[in-house]
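The block underneath contains the structure these notes are about, expressed in structure tokens.
Residue numbers (the working numbering): 38 to 170.
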């Protein structure tokens, strides 16, 4: 009998916890579908108020992704550290071209580069990707 009551109490607490989490996310104004693995919130917190928009975040992610794709296609046989440095340099230059007044730290860009690399298609799909360009 006591285990049944305990199970019901735990279920109620779980529902309340999930409800509170949803309330907190809505209170912050974060759209869950557009918070790319939590990166959006991190980038938005770094940008100044006038620059903190979803459009700027998407532009930053797009530029980093382009840099990573270029490096992976053209420097396949290089060491990962070298590829990361090349992607960092390219991404940094691309982000500078966005004319943002806030400078994004290299550590944050490296974090995005690593995530972008993890989301690239596998080696067997690269020829298909290369053929579409």
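Note that the Cβ used here is the ideal one computed from N, Cα and C, for glycine as well.
| Query | Result |
| --- | --- |
| Less than 8 Å separating the beta-carbons of residue 100 and residue 137? | no |
| Are residue 104 and residue 124 touching if we call contact CB-CB under 8 Å? | yes |
| Indicate the three-state DSSP secondary structure (helix, strand or coil) for residue 87 in the structure shown. | coil |
| I'd like to check one pair, residue 153 with residue 96: are the Cβ atoms closer than 8 Å? | no |
| Could you check where the alpha helix (DSSP H) with residue 132 kicks off and where it finishes? | 117-133 |
| Where do the N-terminal and C-terminal ends of the alpha helix (DSSP H) with residue 154 fall, by residue? | 143-155 |
| By DSSP, does residue 112 sit in helix, in strand, or in coil? | coil |
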